[in-house]
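Okay, structure first, notes after.
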Amino acid sequence: AMAQDKPAPFDKPGAVKIALVRYLSTGDFFQAYLSGVEAQAKALGVDLRVLDSRQDAALQADMVDQAIALGVQGIIIQHGLTESMKEAAQRAVDAGIKVVAFDVNVENPKIPQIEQSDRDLARLALEQAIKDNGESWKAGYVYVAGIAPLDRRNETWVDFKKKYAGINEAAMFGTLDNPIANSVANQARSVLSANPDIKVMFAPYDEFAKGVKIAVDEAGFNKDIKIYSADISTSDIAAMREPDSAWAATAATNPAVVGQVSVRALAQLLAGEDPGHNVIVPPTLITQKDLIDKDIKNMEDLSAKLPQFAHADVAMPAWMPNPNAK
Amino acid sequence: MGNDAVFRVDGLRKSFGHIEVLGGVSLDLHAGEVTVLMGANGAGKSTLVKIISGVYERGGGTMSLAGQDFALQDFAPKTPAEAIRAGVVTVHQNINDGVVADLDVATNLTLDRLSGSGAPTLFNPGRVRREAKAVADRMELTIDLKARISDLSLADRQMVAIARAMAHQPKVLILDEPTSSLSSAEADRLFALLDRLREQGVAILYISHRMSDIRRLADRIVSMRDGVISGVFDRKPLDYEGAVNAMLGRKIHLDRIVARNSARPVLTIEGLRIAEGSRPISLTLGDGEVVAITGLVGVGKTALAETLFGVRKPLSGTMVLNGKPYAPGSTGEAIAAGVFLVAKDRGENGIVGDFNIQENISLPFHKRMSRLGVLKRRIERATARRQIQELGIVCRSEKDEMSALSGGNQQKVMVARWMSQAARLFILDEPFQGVDISARRDIAAKLRASANGRATLLFVTELDEALETADRILVMSEQTIVGEHRNADIDLERLLAEVAGGPSQSAA
Amino acid sequence: MSSGWIEMAAARDLAIRYGFIVLLFGLIAYFAIAAGGFVSPQSAVFIFQSVAITGVLALGVTATLVVGGFDLSIGSVATSAMMAAAYVMVVLEQNAVVAVTACLAIGVIVGLINGWLIVYMRVPDLLATLGMMFLLVGLQRIPTEGRSIATGMTMPDGSVANGTFSAAFLALGRHRFDFFIPNLIPVSVVVLLVLAVLIWFFLEYTRFGRMMYAVGSNERAAELAGAPVKAYKIWAYVISGVFASIGGILLAARLGRGDIASGNNLLLDAVAAALIGYAVLGAAKPNAFGTAVGAVFVGVLLQGLTMMNAPYYTQDFIKGVVLVVALVFTFALSGRGKR
Amino acid sequence: MSSGWIEMAAARDLAIRYGFIVLLFGLIAYFAIAAGGFVSPQSAVFIFQSVAITGVLALGVTATLVVGGFDLSIGSVATSAMMAAAYVMVVLEQNAVVAVTACLAIGVIVGLINGWLIVYMRVPDLLATLGMMFLLVGLQRIPTEGRSIATGMTMPDGSVANGTFSAAFLALGRHRFDFFIPNLIPVSVVVLLVLAVLIWFFLEYTRFGRMMYAVGSNERAAELAGAPVKAYKIWAYVISGVFASIGGILLAARLGRGDIASGNNLLLDAVAAALIGYAVLGAAKPNAFGTAVGAVFVGVLLQGLTMMNAPYYTQDFIKGVVLVVALVFTFALSGRGKR
Ligand SMILES: Nc1ncnc2c1ncn2[C@@H]1O[C@H](COP(=O)(O)OP(=O)(O)OP(=O)(O)O)[C@@H](O)[C@H]1O
Ligand SMILES: Nc1ncnc2c1ncn2[C@@H]1O[C@H](COP(=O)(O)OP(=O)(O)OP(=O)(O)O)[C@@H](O)[C@H]1O
Ligand SMILES: [Mg+2]
Ligand SMILES: [Mg+2]
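Chains as they are written, first to last, in this note's numbering: chain A, 1 to 326; chain B, 1001 to 1508; chain C, 2001 to 2339; chain D, 3001 to 3339.
In structure tokens form, the structure reads like this:
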């Protein structure tokens, strides 16, 4: 779409200034999210400021005020804690700034919530596990409490355990010690030696899954165990595609798409449209079989061959430029 | 005066592990009297002092101190702070235990006031400096009060520690080898002050290995041997020889040395300048010769020693060792060339605290004691054992920690280290710091006996030490050599004049 | 020639004393030109606020550095205090005073234990406080089995915690005092400034502070001069623990919950600030003024870089480079250096 | 009575020397009973494998502790080496030899810079290596703008990196040598053991190692005994850097990609192992044997607790408690202690 086709204030390139206020930034997911935000911002011709609190929730709240002081028209809040962001978000709204929030509930009816439904992610992966392994198996579960998306994925796991009495959780473990995959691998090895009869490993975060896979390979159990996870990256694809890989399936939203949707929802607000209060980016189930059959080797292939992964028709009014369109 | 003891220890015992160091020491100190405590290295003097001053716990016996009413009361300090509060003030043997290197002189002079409970809470730099100035003035100290201790010489540090102790107006003042790194001028100032304190009725316990100090100060001598009192001498005139014999358990024999000449030069120094604006030094050291360089503290003795050993570079001049030009770029090169230095101030420059005796002795000679880089521990141990024997180091075994040795024995380990291998030029900077009379003579005799095959250069502040050891005595003043004497029929007056002010003044 | 020398030495001295401060002002000037909106009262307040918590921790650890020790447990003390505050208010449903008291008690107790381990048990400082760090990181998660604490959370036993953060407590993190401009200065900045002045005055102008320096430089000499060395060392760890717990209170007040993922970088950032402090005014030793300047320095740097849109990883890189260069400058020139 | 004293002293001495080792075997015995499958050759191998990387780092940092220094940069050196290996193979499409060489070069260079800063620029060790740590954490992310490196990744310029981890390189992380049982001992364990024996022999039995201890205890005395003190100190940091980069190589080979990670936990765990080493055999000083035992100790503890399904936070807690108790035991009894 040409600039003049767009509604105000996007009809003048460079007139709009927005800020992305981040809580988390280290890691592939956040990098990909950022690139999605940047791509959509570029396609819209807006000036993007990135404020990075590096996992300092208090600082993140201050950064909202800083963004206000910078005179931006829109703010995307990416992750954070409800308690620390709620008031800051309200201050921004009070200052007449449009705000959207990704993956943090700021409890504000004026602020659309962008979500990559964590419950759906976990559900898709677990449904696949039931499909592959039947309704009764011994499971290992990787979980660290206190991390919001993991807590939400955990709720689904708890529901599934209630629903399927045959699921026997033999061990729960997990750590966020850096490098996560290496630390989780060490734990998983111990768990496997204590419980060699585990059939399914549910690791609803790809760093966890990578660690579990390393342990499974090292223990030589790769043909006996199946790993189900959430999230995806290029290296995850390679790991899933390995011959006899235990990593059977993962459910994921494309972080870049989530980034794009975040900007688009904000743009709609700025143009006076309503994206809806809950903007949900639907997840995609990706199985080992898909990857091998379709010869998917990296994220680009994945986007090309699973179109629902490449683009979500969410917050996509007609005037909105699609950054993926070449 | 003399009968009313203000301080008394009775049957004091102390053991480290199962080695008994003090075997029931009884001792009185009287007001207005200097009691000199004599004892060979390792006799237990410092241990006694540390118990009195609340550093060590006693193993048995009692101590008592006169109270307000002059009656003796039980005295058992659990910490140094308690002892100080009760009026028992100590200057310990290890000088660096007496000062805080990172702080300035003013704070150091008032350190114990700051730590005392009665002191005002606020630290007022102006007031502290005024107080410090008062303390310094009494001791006639001329050190810059703002200087950091770490920039001072050891002698200055010692003076700071002493000045602080004096300022307390103590009841009992204990000085453990206070003059071991002082020059005679500074020592004289100390003695004058001690005279004044004696008049004020302070009871003073004075430990020293220097006969000149003892002759100057003692009202009474107590000899100690192997952890027990072996003699008390208080009848005037004091029986110095008897006291020495009591502390050693035998008679000491004095051999006058026979000065030797040497024809074959080992080291020739030409026009060496070690400090900005000083006059050049030229001298020759011969094979088999023991040469002592004496002079006041701070005249450049250590600077010259360090120049010869490659620690610092001369400003100009040349050195020739064994007929070849010698300009060491590092201590390693000096050692490789056969130049060894027993550095002064063992605590800072010599002792490796984490190492035992054996490891301390072998330290510079690892290369010679290893094959393909692997240390031959058997040779290392044999060397250490031989040296312990040679120098009569009092210890349980070559595996002893250095901290378990008495000060004098630590010093002997330092000398033993460098005598364990043959040198071409052997330099010793104040090697007798804290060494007792008998051991000093032993070391001097060993130095002389083994002198062939090398040149030996000794830096000493004490003239006695030079006279007992050297064939030739050079006098240093203002970073240069100002006089030379063969150690036979020396003109002492001229020598002392040179020490005091250089040749120009002595000519006048 | 001689006067030339003296001038050079004087110039070097000036460089050592004021080099770091000049660098700081240079940075500010640079950012003022390069990044729009950098110079404003709000921006200044923001910088102070962004370093308030690490700054408080850094001031505490300075006390242990002064006595020649080190405290690796400060980060975990702060997060433990944060969790405790949340637990007291949300689960036990107590008020702000109880919460603050609980936090301070944690700081005092941890400080006493650290001090006891180091002084009486003779465990080396790094070791004792490292052990304490691991211990606290685990301990703070046990009551809630690793969950963050927020109103309405489900406890391990299935009950729901219904307490809330009291308004008074939250004000510690969120209230702003008027200062020429209304609602300008947050409580945390005031706390930082007050504590900085307090500890600076304590270390420089009271005899206790001077003795702490003496203890750090030569423990034995200080003891022989009659100082209660053990007490001073324990005090230093108590100060460090209490300051860390104050940091934790501020953290809890700003977050409004007990968040297990927060506070990871506190230790390293606080240590960086305290160590940068060595370079300020050519002190070459731990000092409170330097620590405060060090904290502000890091804040200015990160704020400036953020405003210039530098990605997060370049911020770490530049922080490292500036740190190293500034320190080389100070220590190489001063010719002192050595802890 | 006297003989009673001697017996007591002897018993205390035994406790100091062997207390920690006894504790280790006690732990093993306990887990053997409490956790099924704990005692097996595979389990033993696994424990070694799980601590191989931190163990190698810990051995390196021991060298700096010996000369009286400290190296906070090891964790970031390891992750930088990991990123470099991945970059060399995946982006530059080079082989394993080039990758390993690049890693080792990073270790050497960082070690030299650290050593240079500390020795010639007189920057205090903690400060210099902290700055280096920040610097590396940022630097390693710049080439890929913060992305992890894996085959098929998109580079910042939009191109796709098509290189792969070479099989030879991956074998470093995955190959297993036969040892009675086929395919038993992984390369990383062999690397750990070889490096442990090497550095132990170096420190205990060669004149270089002995002199490093002398430098750590009294630098001036070592210099006056003819040692090139500066060279020894720089060497220590180079050893530390190289060991850390070897740890990074093992990490890359195990993960099969260049993972964005700060390496903070690697640092802390390695330091913990090295410091626990102080307590082994009553050494009360840094020593390679102790470091290796310390690393295994942490491995046994974590492995056993995980097998008993203890949540991660109790592991931290127990790690802390055991650390503190073991150290109190050693240092309080030995009466030495002091770095
Ligand atoms: N901490 C200790 N542990 C074990 N033995 C010790 C310790 N301190 C001193 N000793 C031993 O006690 C004995 C007496 O030592 P002390 O320092 O009191 O001697 P001294 O008379 O002061 O000798 P010097 O004239 O050499 O200073 C020595 O044999 C010494 O080895
Ligand atoms: N590195 C230095 N910087 C400044 N002054 C120095 C330095 N080294 C020595 N001096 C000064 O030079 C003078 C000579 O020092 P040196 O240590 O050589 O004296 P000394 O005659 O050996 O004294 P002592 O009798 O104490 O051994 C002293 O006044 C000393 O303070
Ligand atoms: Mg003595
Ligand atoms: Mg001298």
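Beta carbons: idealized from backbone N, C-alpha and C, even for Gly.
A quick note: this is a predicted structure, and the numbers were derived from the prediction, not measured.
At a cut-off of 8 Å between beta carbons, I147 (chain A) contacts chain C. Counting only residues of its own chain and dropping the five nearest sequence neighbours on each side, T287 (chain A) has a CB closer than 6 Å to the CB of A249.
A Cβ-Cβ separation of about 6 Å places G1408 (chain B) in contact with A1439 (chain B) under the 8 Å criterion. Taking a beta-carbon distance threshold of 8 Å, T2291 (chain C) does not count as an interface residue toward chain D. Distances from the CB of Q1411 (chain B) to the heavy atoms of ligand 3 are all 7 Å or more. Interface flag for I225 (chain A) against chain D is unset, since no Cβ pair is found closer than 8 Å. For W137 (chain A), the enclosing beta strand (DSSP E) has its first and last residue at 137-142.
Closest option to A2283 (chain C), judged by alpha-carbon separation, among B:D1188, B:R1148, B:L1190: B:R1148.
8 Å or more divides the Cβ of V3328 (chain D) from the Cβ of I3047 (chain D).
Apart from the 5 residues on each side of it in sequence, A2150 (chain C) sits with its Cβ closer than 6 Å to the Cβ of R2257 in its chain, given in chain order. The C-alpha of R1279 (chain B) is placed about 16 Å away from the C-alpha of I1293 (chain B). Under the three-state reduction of DSSP output, M1038 (chain B) falls in the strand class.
For a Cβ distance threshold of 7 Å, residue set R2254, L2255, G2256 of chain C lies close to S84 (chain A), ordered along the chain.
With its beta carbon less than 8 Å from one in chain B, A2225 (chain C) belongs to the interface. Your pair L3184 (chain D) and P3041 (chain D) checks out as a contact, with CB atoms roughly 6 Å apart and the cut at 8 Å. Non-local C-beta neighbours of N2264 (chain C) in its own chain, meaning closer than 8 Å and more than five positions away in sequence, comprise G2075, ordered along the chain.
The Cβ atoms of L2323 (chain C) and F3134 (chain D) sit closer than 8 Å to each other. With respect to the 8 Å criterion, L1065 (chain B) and V1006 (chain B) are classified as neighbours on the basis of their beta carbons.
Those residues of the region 2135-2151 of chain C placed with their C-beta closer than 9 Å to a C-beta in chain D are L2135, L2136, V2137, G2138, L2139, Q2140, R2141, I2142, E2145, G2146, ordered along the chain. Taking 8 Å as the upper bound for CB-CB distance, A3295 (chain D) and V3123 (chain D) are not in contact here, some 29 Å apart. Closer than 7 Å to some heavy atom of ligand 1: that describes the Cβ of L1405 (chain B). Near chain B, meaning a CB-to-CB distance below 8 Å, the residues of the region 3208-3241 of chain D are F3208, R3210, M3211, Y3213, A3214, G3216, S3217, N3218, R3220, A3221, A3222, E3223, L3224, A3225, G3226, A3227, P3228. Inclusion of K1045 (chain B) in the 7 Å shell around ligand 3 follows from its C-beta lying nearer than that to a non-hydrogen atom of the ligand. Contact of D62 (chain A) with chain C by beta-carbon distance below 7 Å involves F2046, Q2049, S2050. Taking the Cα of R1196 (chain B) as reference, the smallest distance to any Cα among B:A1167, B:Y1326, B:Q1158, B:E1390 is reached at B:A1167. Distance from the CA atom of P3156 (chain D) to the CA atom of E3219 (chain D), rounded to whole angstroms, is 49 Å.
Taking a contact as a CB-CB distance under 8 Å, the pair M3132 (chain D) and L3251 (chain D) does not count as one, their CB atoms being some 19 Å apart. Around the beta carbon of Q1410 (chain B), 16 or more other beta carbons sit within 10 angstroms, so the residue counts as buried.
Residue environment: I3033 (chain D) is assigned as exposed (fewer than 16 neighbouring CB atoms within 10 Å of its CB, all protein chains considered).
K1014 (chain B) has B:L1022 as its beta-bridge partners, per DSSP. When C:M2089, C:Y2018, C:D2125 are compared, the shortest CA-CA separation from Y2237 (chain C) is found for C:D2125.
Secondary-structure assignment with DSSP links H1485 (chain B) through a beta bridge to B:I1473. Below the 8 Å Cβ cutoff, chain D contributes no neighbours of A2032 (chain C), its closest Cβ being approximately 24 Å away. Membership of K3230 (chain D) in the alpha helix (DSSP H) is indicated by the continuous run 3229-3255.
Fewer than three beta-carbon pairs drawn from the region 1200-1207 of chain B and the region 1233-1243 of chain B are found closer than 8 Å, and the two stretches are therefore not classed as touching. One Cα belongs to G1332 (chain B), the other to F1340 (chain B), and the distance between them is close to 10 Å.
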